[in-house]
Amino acid sequence: GENVEQHPSTLSVQEGDSAVIKCTYSDSASNYFPWYKQELGKGPQLIIDIRSNVGEKKDQRIAVTLNKTAKHFSLHITETQPEDSAVYFCAAPGGGNKLTFGGGTRVLVKP
Amino acid sequence: EAGVVQSPRYKIIEKKQPVAFWCNPISGHNTLYWYLQNLGQGPELLIRYENEEAVDDSQLPKDRFSAERLKGVDSTLKIQPAELGDSAVYLCASSFGRGAYNEQFFGPGTRLTVL
């Protein structure tokens, strides 16, 4: 099955700075890579995803990059704001229909 | 539009007691998932339904866990008997269409504490 590793586990940034979270996956058959954001007391919510036919995707202040050769993908948040404080999860499906999630990154944006 | 509804939000029970969680997915979503989320970890799939059929229950501990999705809408996850190690958040999610490529919409979860 798929194995997804996520780093770092915690990330503290100053408001306005950038944050980068990295994930590696094991199954070369994975071709879809979503990122979910989980706020305290809530379920995860999809914020951006990328398919393997592109190397980068942007949506306002967030972007995801994918390196299929190295089997890793990253989430980039620019101009961080206090509302970006949350836990972020990457995921990958492997060759099947089941998403395997990373261990999560707790992001704290300090004002 | 209402999101995924779960109840109860919190449950405290003593070990060896039974417990049940209920989930109402987003209207029209044919795929329903139950996940286990331990503290500080990512969600882990317990079972996935496509309509009323359980298509992936390989991670469900069948000696004590059971689930059902009658009529392909609401779902119930049961633990009997509960053990201390079952303390976690149980998340329900739904999606329109099958497969991992469809956005999953998560409910707020049920936080279970087993004493």
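As you go down the protein sequences, you meet chains L and G in turn. Note that the first sequence covers residues 1 to 111 in the numbering used here. Note that the second sequence covers residues 1001 to 1115 in the numbering used here. Note that the Cβ used here is the ideal one computed from N, Cα and C, for glycine as well. No experiment lies behind these values; they were computed from the predicted model shown.
Just how far apart, CA to CA, sit residue i and residue j?
i, j, result
"G:Q1104", "G:G1097", "10 Å"
"L:K71", "L:T24", "6 Å"
"L:N53", "L:A92", "15 Å"
"L:V13", "L:R51", "28 Å"
"L:S30", "L:E56", "16 Å"
"G:R1009", "L:L108", "25 Å"
"G:K1062", "G:P1081", "12 Å"
"G:I1012", "G:V1019", "9 Å"
"L:G43", "G:K1071", "25 Å"
"L:S28", "L:W35", "18 Å"
Closer than 7 Å by beta-carbon distance: list the chain G residues that pair up with residue i, in chain order.
i, result
"L:L11", "Chain G residues near L:L11: none, gap ~14 Å exceeds 7 Å."
"L:F73", "Near L:F73 there are no residues of chain G at all, since even the closest Cβ is about 15 Å away, more than 7 Å."
Would residue i pass as an interface residue toward chain L - the criterion being a Cβ-Cβ separation below 8 Å?
i, result
"G:R1064", "no"
"G:Y1010", "no"
"G:R1069", "no"
Going along the chain, which residues of its own chain have a beta-carbon closer than 8 Å to the beta-carbon of residue i, five neighbours each way excluded?
i, result
"L:G104", "Q6, S9, Q38, V87, Y88, F89"
"G:G1003", "I1026, F1105, G1107"
Beta-carbon within less than 7 Å of residue i's beta-carbon, same chain only, minus the 5 sequence neighbours each way: which residues are those?
i, result
"L:D17", "T80"
"G:Q1059", "E1044, L1045, L1046"
Less than 8 Å between CB atoms is the rule here; does residue i satisfy it with respect to chain G?
i, result
"L:N53", "no"
By Cβ distance, which residues of its chain are closer than 6 Å to residue i, with the 5 residues on each side in sequence left out?
i, result
"G:L1084", "K1015, V1114"
"G:L1077", "F1021, W1034, A1067"
"G:N1024", "V1005, D1074"
"L:Y32", "R51, P93"
Below 8 Å between beta carbons: does that hold for residue i and residue j?
i, j, result
"L:K98", "G:A1100", "yes"
"G:E1052", "G:R1064", "no"
Would you mind telling me which residues of chain L sit closer than 7 Å to residue i, beta carbon to beta carbon, in chain order?
i, result
"G:E1103", "L46"
"G:G1042", "F89, F101, G102, G103, G104"
Chain L partners of residue i, CB-CB under 9 Å?
i, result
"G:D1057", "The premise fails here: G:D1057 is roughly 11 Å from chain L at the closest Cβ pair, so nothing lies under 9 Å."
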